[in-house]
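J.:
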Amino acid sequence: MAFRVQFENNNEIGVFSKLTNAYCLVAIGGSENFYSTFEGDLADTIPVVHASVAGCRIIGRMCVGNKNGLLVPSTTFDTELQHIRNALPDSVKVQRVEERLSALGNVIACNDYVALVHPDLDRETEEIIADTLKVEVFRQTVANNVLVGSYCVLSNQGGLVHPNTSVVDLEELSSLLQVPLVAGTVNRGSEVVGAGLVVNDWAAFAGMDTTSTELSVIESIFKLSGAGPSSITSKMRASIIESMS
Amino acid sequence: MEYIPTPQSSEPTANKILCCDCGTPIAPNPSNMCVMCLRTRVDITEGIPKQIVLQFCKGCERYFNPPSEWVHCVLESKELLTLCLKKLKGLGKVKLVDAGFVWTEPHSKRIKVKLTVHGEVFGGAVLEQVFVVDYVVSHHMCDDCHRSEAQYFWRALVQVRQKGENKKTFFYLEQMILKHKAHSDTLGIKPIHDGLDFFYATEAHARKMVDFLSAVLPCKSSHSKKLISHDIHSNLYNYKFTYSVEILPVSKDSLVCLPKKLTQQLGGISPLCLVYRVTNSLHLIDPSRAQIAEINSTVYWRNPFNPICNPKQLVEYVVMDIEPIMDKDRRTFPGQGAISNKHVLADIWVVRASELGVNDNTIHTRTHLGHILKPGDYVLGYNLEDSNINDANFDKLERNNIPDVVLVKKYYDKSERKKRRMWKLKHLTEEANGLITDTRDYNEFLDDLEEDPDLRQNINIFKDNSKQIPVDSTDETDETIPRITLAEMLDDLVIDDVEMADE
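Here you go:
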């Protein structure tokens, strides 16, 4: 299900939270409403962890991870690192990365199988990513922009990219990542989809400004809602006609 | 996991995204919304007023063009469009691409203008918007119509009077007013038997006229006001102001007798003087010594004097003999006032024209007209011997010092002059019941203009296109008749209405 939330009146959810299939990280200091929205949907299945990175609340952009592991920048305090390690399940490997491009959330976009990275990322970091997150790493740009983490959101079911991405690029990326991709916007026409949206295999959270059109695009590409309007004519048609006749 | 082909792969050229508001597929743009949604959200014509008032004068059918111009415009014309666009504020922020009229009923008092503007919207997208502005035509009386309507309602009055027998000063005054356009604020001009009345809407205009008059002619003025109404609560008093201007009774070619004190002040001029010009000061000449003096307004009114003889009493004489007086023979004394260079003092013997051939009664006198007279000429002058003069200053003079005849000016054939006059003057009022122009006085005034170049310095003279210039120069009988050259005349302004001529 796709939800609309706001963190302290800010619509950029992808900045203040990180969502994967195994855990969820949220920034500290927000209202209880924000947390209750996350916990309401996720707390049964996965832990929702309050954390900060390097004393900042922009954890969504600083760290990157999937169900296999989590990478944090070198500026993270030891105490924070310890706290995260304690809170997360043991299957998740937490690793600190020494990298010049320290906002890992902006330069890396990944799901459980593949990752897209900034073309200038260090070779060592690439190896660490491949190791810790157990993914295949590709150096690519999205819509001629190097900040792949900001302009691309991936889950195991699909992906959303910058609206200016050309059809050729979309096909190329799609074949690389082996998931369907769509170009779209979030938060009423904002192009920075990575910062505006967090998603995993069954839930997505977007800013309060997101229009219903954008939300339906998100739901369809990430396959979040079972009962969309198109499904009436495809999957449910057979059963409806059966019952009437 | 199935590989599902990307849904929007049909467009080979550009990618399409869904508009974030309505979901229609659009090409990506900086705001990522389709044009319709963008238009509902953003209005680039926000600062531009959609309803504006236009002012229109019913009397003269003109539209008001600020700050102070009234223009004739036909409905749906280019001038009206310029006027409407000029009134529209806030067009600076957007780019105007197109403007045109939308038809409205002519009597509806509404004018609709359709404008197309380009404006920038967030993110750099340029949006085009078409909108209609409503102009409401409201009635407003223009200043000219006001003035013509207010003719019967005046607040200030200037009464100009001259207690004399001669209208020549008034003709001169009329020409001066025309030249300096001092009558631009008057509501109306009414001629009274001794002068003129000027009506004004405000006291300031009347005062301006009074100042103009005192600068042009020697006159004295007084003023008074009459209370019409009084608003008790706001203490506003409504008055009718009246200015009374009295012009000096002396006119050109009249003979005056100066009081003794004044003669001493003017450098020992003789008390009997001729007035040879009246402009903003009085110019006197002593016929017996060709001495000139100038009296300005304040000096005159401090000790005023009346004319002894006026031009109606001029008598015709014939010159028998003339002998100019040499400079060495002239008697001068220290402290004497200025002597005129333009006149030649001469001894002259004349006979009355009516007595020519009847008797040999030649009269001897001194005259200042030596430069223009020769034996056989006709001269006009005053016969002091036979006249009965009633003047206090004159009575104080010694009988022996008074000349018998005082010659004033040379006499030309009247009809000849009138025929050959190639120029004309303009008048203040068009009606004939104003200052009647066909009388002797007017003709004398025109004669004066011809004779005196200094007098016509201040007057606009126009070419009379109805009279022909004489081709044959042998037709001219008397070449010494003073004439105004063609170079001095102004071409009368004739406005040819080209549009009417075409129709």
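For the record, the sequence lines run as chains P and R. If you're matching positions, the first sequence starts at 1 in UniProt numbering and goes up one per residue. If you're matching positions, the second sequence starts at 1 in UniProt numbering and goes up one per residue. The beta carbon of each residue, even a glycine, is placed where N, CA and C say it ideally should be.
Residues of chain P with CB under 7 Å from residue 28 of chain R, in chain order?
T.: 163, 164
J.: Does any residue of chain R bring its CB to less than 8 Å from the CB of residue 213 of chain P?
T.: yes
J.: Which one or two residues does DSSP pair with residue 64 of chain R in a beta bridge?
T.: R/70
J.: Strictly under 8 Å for the Cβ-Cβ distance: is residue 228 of chain P near chain R by that measure?
T.: The pLDDT assigned to residue 228 of chain P is 47, lower than 50, so where the model puts this residue is not dependable; a value taken from the coordinates is nonetheless given after this. No, residue 228 of chain P lies away from the interface with chain R (no Cβ there is under 8 Å from its Cβ).
J.: With 9 Å as the C-beta to C-beta threshold (strictly closer), list the residues of the region 176-198 of chain P near chain R in chain order.
T.: Legend: CB atoms of the region 176-198 of chain P lying less than 9 Å from CB atoms of chain R belong to residues 178, 179, 180, 181, 182, 183, 184, 185, 186, 187, 188, 189, 190, 191.
J.: In chain order, which continuous runs of the beta strand (DSSP E) of length 3 or greater are located wholly inside the region 82-107 of chain R?
T.: Listed in chain order, the complete beta strand (DSSP E) runs (minimum 3 residues) inside the region 82-107 of chain R are 95-102.
J.: Bridge partners of residue 339 of chain R, per DSSP?
T.: R/291
J.: Determine the direct distance from the alpha carbon of residue 446 of chain R to that of residue 377 of chain R, and round the result to whole angstroms.
T.: 21 Å
J.: Since residue 34 of chain P and residue 5 of chain P should fall inside the 8 Å C-beta cutoff, what is the C-beta to C-beta distance between them, to a whole number of angstroms?
T.: That pair is a contact at about 6 Å.
J.: If you compare alpha carbons, which of P/71, P/121, P/63 is closest to residue 141 of chain P?
T.: P/121
J.: Give the list of continuous beta strand (DSSP E) stretches no shorter than 3 residues that lie fully inside the region 140-201 of chain R.
T.: 156-162, 188-192, 195-200
J.: Excluding sequence positions up to five away, which residues of its chain have a Cβ less than 8 Å from the Cβ of residue 127 of chain R?
T.: 35, 38, 39, 42, 44, 118, 119, 120, 121
J.: Tell me, which residues are paired with residue 10 of chain P by DSSP?
T.: P/7
J.: Helix, strand or coil for residue 67 of chain P, going by three-state DSSP, please let me know.
T.: coil
J.: Quick one: does residue 5 of chain P have its CB under 8 Å from some CB of chain R?
T.: no
J.: Taking only the alpha-carbon atoms, compute the straight-line gap between residue 166 of chain P and residue 15 of chain R and give it to the nearest angstrom.
T.: Between the C-alpha atoms of residue 166 of chain P and residue 15 of chain R there is a straight-line separation of about 5 Å.
J.: So residue 367 of chain R is in the beta strand (DSSP E); what residue range does that whole segment cover?
T.: 363-367
J.: Please classify residue 33 of chain R: does DSSP put it in a helix, a strand, or coil?
T.: coil
J.: Do residue 105 of chain P and residue 57 of chain P come within 8 Å of each other at the CB atom, strictly closer than that value?
T.: no
J.: Pull up the distance between the alpha-carbon of residue 174 of chain P and that of residue 69 of chain P, whole angstroms please.
T.: 24 Å
J.: Please tell me whether residue 36 of chain R has its Cβ less than 8 Å away from any Cβ of chain P.
T.: Taking Cβ atoms only, chain P never reaches closer than 8 Å to residue 36 of chain R, which makes this a no.
J.: List the residues of chain R whose Cβ lies closer than 8 Å to the Cβ of residue 114 of chain P, in chain order.
T.: Contact note: residue 114 of chain P does not reach chain R at a C-beta cutoff of 8 Å; the least C-beta distance is about 12 Å.
J.: Check the C-beta distance from residue 109 of chain P over to residue 148 of chain P and give it rounded, since I have them as a contact under 8 Å.
T.: 5 Å
J.: For my contact list, residue 139 of chain R and residue 56 of chain R are in at a C-beta cut-off of 8 Å; report their separation, rounded to the angstrom.
T.: 6 Å
J.: Report yes or no: do the region 192-209 of chain P and the region 158-165 of chain P share at least 3 C-beta pairs separated by less than 8 Å?
T.: yes
J.: Measure from the C-beta of residue 141 of chain R to each C-beta in chain P and report whether the shortest distance is under 8 Å.
T.: With 8 Å as the cut-off, residue 141 of chain R does not count as an interface residue toward chain P.
J.: For residue 97 of chain P and chain R, any beta-carbon pair shorter than 8 Å?
T.: no
J.: I want to verify the contact list: residues of chain P whose CB lies under 7 Å from the CB of residue 23 of chain R, in sequence order.
T.: 213
J.: Are the beta-carbon atoms belonging to residue 172 of chain R and residue 248 of chain R less than 8 Å from one another?
T.: no
J.: Which residues in the same chain as residue 9 of chain R place their Cβ atom closer than 6 Å to its Cβ, once the five residues preceding and following it in sequence are excluded?
T.: Since pLDDT at residue 9 of chain R reaches only 44, below the 50 mark, its modelled position is unreliable, and the value read off the structure follows with that caveat. Nothing meets the Cβ criterion.
J.: Strictly under 8 Å for the Cβ-Cβ distance: is residue 167 of chain P near chain R by that measure?
T.: yes
J.: Should residue 359 of chain R go down as buried or exposed, given a rule of 16 or more other Cβ atoms within 10 Å for buried?
T.: exposed
J.: Sort R/226, R/231, R/250, R/246 by Cα distance to residue 239 of chain R and report the nearest one.
T.: R/226
J.: Pick out whichever of P/125, P/97, P/146, P/111 has its Cα sitting closest to the Cα of residue 18 of chain P.
T.: P/111
J.: Quick one: is residue 43 of chain P buried, meaning 16 or more other Cβ sit within 10 Å of its Cβ, or exposed?
T.: With fewer than 16 Cβ atoms within 10 Å of its Cβ, residue 43 of chain P is classed as exposed.
J.: So which residues of chain R does residue 217 of chain P contact, with C-beta pairs closer than 7 Å?
T.: 18
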